Amino acid sequence: MQHVAVADTTEELHDPQTFITKYVWSQDHKVIAIQYGGTAIFVGLVALVLSGLMRLQLGFPDTFDFIDPNSYLQFVTMHGMIMVIYLLTALLLGGFGNYLIPLMIGARDMVFPYMNMLSFWFYLLSVIVLLASFFVPGGPTGAGWTLYPPQAILQGTPGYDWGIILMLASLAIFIIAFTMGGLNYVTTVLQARTHGMTLMRMPLTIWGIFTATILGLLAFPALLVSAIMMMLDKVIGTSFFMPALVSLGENLDYTGGSPVLFQHLFWFFGHPEVYIVALPAFGMVSDVLAVHARKNIFGYRMMVWAIVAIGALSFVVWAHHMYVSGMHPAFGFFFATTTLIIAVPTAIKVYNWVLTLWRGNIHLTVPMLFAIGFIFTFTHGGLTGLFLGNVTIDLPLSDTYFVVAHFHMVMGVSPVMVLFAAIYHWYPLMTGRMFNESLGKAHFWFTFLGTYAIYLPMHYLGFLGVPRRYFAMGTTDFIPDSAFELNASITISALIVGLSQLFFLYNVIWSIRHGEKAEKNPWGATSLEWQTPDVPPHHGNWGPELPRVYRWAYDFSVPGAKEDFIPQNHPVTAEERTEGDPEEKPS
Amino acid sequence: MSLFKTLREKPWVHEPVTATGPAQEVMPIDTLAAARLVLRFIMAIVSVLFFLFIITFLSRSQYPDFQALAGQPWQPFTDPTRLWINTGILVAASLAMQYAVQCSKQSKINGTVIGVCSGAFFSVLFLVSQLDLWQHLQALGFYVSTNPANSYFYLLTAVHGVHLLGGLMVLANVVFRVWYDDNPSALSGPLQLCTTYWHFLLGVWLVLFALLTSRPETINALAAMCGF
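Those protein sequence lines, which keep their order, are chains A and B.
Using this note's numbering, read the first sequence as starting at 12 and increasing by one per residue.
Using this note's numbering, read the second sequence as starting at 79 and increasing by one per residue.
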């Protein structure tokens with residue numbers, strides 16, 4: 012067995028010896044990250060196709076026989092759940108969390124590699140169980156991604172029998188997978204940082220992933236609780252959430268549960284989930300912006316504080332998703348207030364990103380384009396969030412396309428823009444090859460302009476009062492004919508954006524073999540992951556000795572330095588000591 | 079607090095030049111400290127899980143169809159003797175685990191083995207007694223779906239039992255690994271963590287016990303305090 016003698020571990024590294032242990036049952040965080048990423052992107056493509064089918068129906072009603080009201084609702088449900096949980100959460104934390112945490116903090120691997128491997132296999136199982144619901148009698152659940160009872164488990168809702176059970180089981184398995192992975196991420200960040208890597212020297216990517224993981228560990232139990240209780244309501248007839256009701260002329264056995272209780276539980280998970288997705292994206296975009304603007308991130312400390320503050324506040328805003336549930340007005344006032352407060356740290360982050368760009372040496376590379384695109388989409392989505400955070404504005408808009416446009420801009424398009432930025436940014440590290448720049452730029456412009464062509468008009472449809480979740484609008488007095496034309500144009504844009512993702516897929520797959528060989532640290536980044544002896548990093552990451560960290564991750568364009576970046580593992584010189592610290596400057 | 083101190087650090091200010099001096103030894107990762115941290119997180123997560131179950135219990139208790147399991151002579155937990163017996167068994171499990179830890183710290187192998195075996199035995203006995211209690215309730219006609227209070231009883235005891243079962247699996251893993259490596263001195267650290275988890279689950283059970291045997295007035299008062 013190959014033995015890697017290192018000073019930083021008391022045990023031999025679990026070096027893989029066969030194809031199976033190297034690429035299938037691998038305990039290497041990089042392989043697990045790519046397994047997570049590949050699975051998440053695959054299932055995300057399924058969800059993308061579903062959204063295309065939904066748009067076909069909305070843009071061209073009565074044209075496609077294979078889309079009926081039931082299948083439409085199933086597409087909506089599966090699209091939403093897959094995108095939020097199985098793509099974004101899994102790719103940001105399971106994928107990038109796994110890949111970047113050990114590399115960025117100077118560790119050889121996660122602290123518990125075996126548990127890390129189990130995490131991926133449980134995730135894969137949850138995806139298989141979820142996708143299996145397409146093939147069971149009645150198909151997948153069509154209850155909407157929020158799975159509200161009582162309709163989720165009652166006759167009349169598609170997939171009320173098998174579909175919902177598989178969905179709940181899949182969620183429970185996913186939560187187990189996430190918990191195993193999440194425990195690893197937080198423990199690794201807290202216990203396995205290399206010498207000199209203090210918490211405040213960590214890149215913001217790690218701060219984002221770390222805080223989001225803690226949110227996930229504390230918020231996913233709420234989803235688990237609601238999934239277990241709804242499963243019992245469905246399978247053995249308890250009445251946790253199910254009220255006494257008559258369904259299809261038949262008195263059911265349920266005795267008077269509370270559907271609103273489910274909503275509270277769901278959103279107690281659901282709102283932190285927004286930040287479970289957003290915080291890693293915030294962190295990664297900060298690093299991409301700093302590297303490609305050749306400038307230190309503006310207000311590093313405040314960025315960290317904002318991440319922590321947003322994480323804490325995200326647990327006290329959940330009921331702003333429930334203004335129309337008939338809650339007490341004082342409740343609405345409280346949650347509107349907390350919602351508006353959370354805009355403060357969020358706005359600080361946006362200002363800091365913009366100020367990082369200000370007078371920076373901006374390189375409009377593909378990752379940078381996506382990162383700048385994110386600032387636009389996130390600002391737009393965030394501003395409409397300020398509208399919807401107010402009870403009086405939310406009430407008329409809640410069931411319209413305005414909400415669809417808002418949340419797609421803020422937590423659909425924006426994190427996806429960051430994901431693309433991150434994939435392009437770290438692609439040379441992961442594969443040792445460069446991607447095709449032209450294809451990348453085409454991908455960016457189609458995606459960026461295309462999403463505006465989709466979602467800007469959708470806000471307008473919302474103002475007109477066009478209701479969301481409807482299979483077809485029919486003829487309604489208050490919806491003018493122009494709304495139908497707008498819907499058709501949105502569908503065409505959506506299809507173009509969907510198809511333009513082929514640029515990305517082709518680029519990523521083609522470049523693995525045919526891309527130009529990447530030089531070491533092609534972007535001139537300072538953080539540790541680019542300072543490995545090999546690109547892509549080998550098992551154990553660092554060769555015989557761990558790196559030592561002497562500085563933060565944002566020493567770009569330092570006056571007097573030979574290059575416009577100084578890596579974190581570059582020792583501090585005596586000159587830097589006096590020049591770099593204004594408080595120590597001799598007067 | 080150190081957290082606030084950490085968050086006030088200025089990472090852009092460089093360390094003293096001495097940091098470039100001879101490399102200090104890189105400390106090995108302390109897997110026991112890492113495991114302790116994981117245990118703390120697990121206890122936090124499990125606490126959140128039960129907290130949420132309990133909150134829904136209190137909320138659901140304010141609906142008219144909810145009939146608490148204690149308070150009236152015909153309610154099963156007005157006389158909670160059986161629950162006290164089960165609680166005693168779980169306390170015995172916790173004490174046995176604690177004894178095992180003490181012995182293991184003093185390198186008393188026999189005492190450790192007796193402690194671990196007794197801890198495992200009492201834990202399994204607790205689970206069996208809980209199952210027996212379920213059968214007893216069924217025999218009395220308190221089925222899982224006839225009343226939300228019944229549903230909560232079965233649900234909460236099941237979730238608690240599953241966590242104890244998980245603990246037993248981890249304990250078995252710890253013991254067999256030590257046995258396999260033939261290194262009894264490595265047992266006391268992991269065993270201490272297992273014991274902490276056992277005490278934690280005992281604490282959770284005591285809270286559940288108090289809640290499930292509460293009279294309607296107590297439950298109503300708790301629910302009112304939570305705003306339900």
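Where a beta carbon is used, it is the ideal one built from N, C-alpha and C, also for glycine.
Note that the coordinates shown come from a computational prediction; the quantities given were computed from them, not determined experimentally.
Rounded separation between residue 570/A and residue 562/A - CA only: 16 Å
Contact set between the region 290-305 of chain B and chain A, restricted to residues whose Cβ is under 8 Å from the partner: none
Residue of 201/A, 152/A, 478/A minimising C-alpha distance to residue 177/A: 152/A
N-terminal and C-terminal residue of the alpha helix (DSSP H) that residue 419/A is part of: 412-419
Of the listed residues 258/B, 80/B, 286/B, nearest to residue 239/B (C-alpha basis): 286/B
Within chain A, the residues that residue 222/B reaches when beta carbons sit closer than 7 Å: 247, 249
Coarse secondary structure for residue 257/A, derived from DSSP in three states: strand
Pairwise C-alpha distance: residue 260/B and residue 176/B: 22 Å
Pairwise C-alpha distance: residue 410/A and residue 547/A: 48 Å
is_contact[residue 422/A, chain B] using C-beta, thresh 8 Å: no
Alpha carbon of residue 187/A to alpha carbon of residue 138/A, nearest angstrom: 13 Å
C-alpha distance - residue 158/B paired with residue 279/B, whole-angstrom precision: 20 Å
Contact with chain A by residue 107/B, beta-carbon distance below 8 Å: yes
Sequence-distant residues of its chain with Cβ nearer than 6 Å to residue 514/A (five each side left out): 450, 453, 454
Beta-carbon proximity check, residue 314/A vs residue 429/A, cutoff 8 Å: no
Neighbour flag for residue 122/A against chain B, beta carbons, 8 Å: yes
Same chain, Cβ closer than 6 Å to residue 61/A, five either side skipped, listed in chain order: 86, 89, 90
Heavy atom of the ligand MG within 7 Å of residue 84/B beta-carbon: For the ligand MG, the structure offers nothing, since it holds no ligand at all.
Closest Cα partner of residue 480/A within the set 98/A, 505/A, 121/A, 414/A: 414/A
Neighbourhood of residue 83/A by C-beta, 6 Å cutoff - its chain only, sequence neighbours within 5 removed: 68, 482
Residue 209/A classed as buried or exposed, judged by whether at least 16 other C-beta atoms fall within 10 angstroms: exposed
CB contact below 8 Å: residue 157/A versus chain B: no
Residue 99/B, buried or exposed, once every other Cβ within 10 Å from all chains shown has been counted against 16: For residue 99/B, the predicted structure reports a pLDDT of 44, less than 50, and the residue's modelled location is therefore unreliable. The matter cannot be settled from this model.
Residue 262/A (DSSP reduced to helix, strand or coil): strand
Interfacial residues, the region 257-268 of chain B to chain A, with Cβ spacing under 7 Å: none
8 Å Cβ cutoff met for residue 420/A and residue 395/A: yes
Continuous alpha helix (DSSP H) stretch holding residue 153/B: start and end: No alpha helix (DSSP H) contains residue 153/B, which DSSP labels as neither H nor E.
Cα-Cα separation between residue 219/A and residue 81/A, rounded to whole angstroms: 39 Å
Residues that residue 236/A contacts on chain B, provided the C-beta gap is smaller than 8 Å: 127, 130, 131, 134
Below-8 Å beta-carbon distance, residue 112/B vs any chain D residue: As a matter of chain content, chain D is missing from the structure shown, whose protein chains are A and B.
Three-state secondary structure assigned by DSSP to residue 286/B: helix
Between the CA atoms of residue 293/A and residue 312/A - distance to the nearest angstrom: 14 Å
Beta-carbon proximity of residue 271/B to residue 113/B, cut-off 8 Å: yes
The region 139-148 of chain B touching the region 270-279 of chain A, judged by at least three CB pairs closer than 8 Å: no
Per DSSP, the bridge partner or partners of residue 528/A: 444/A
For residue 576/A: DSSP bridge partner residues: 567/A
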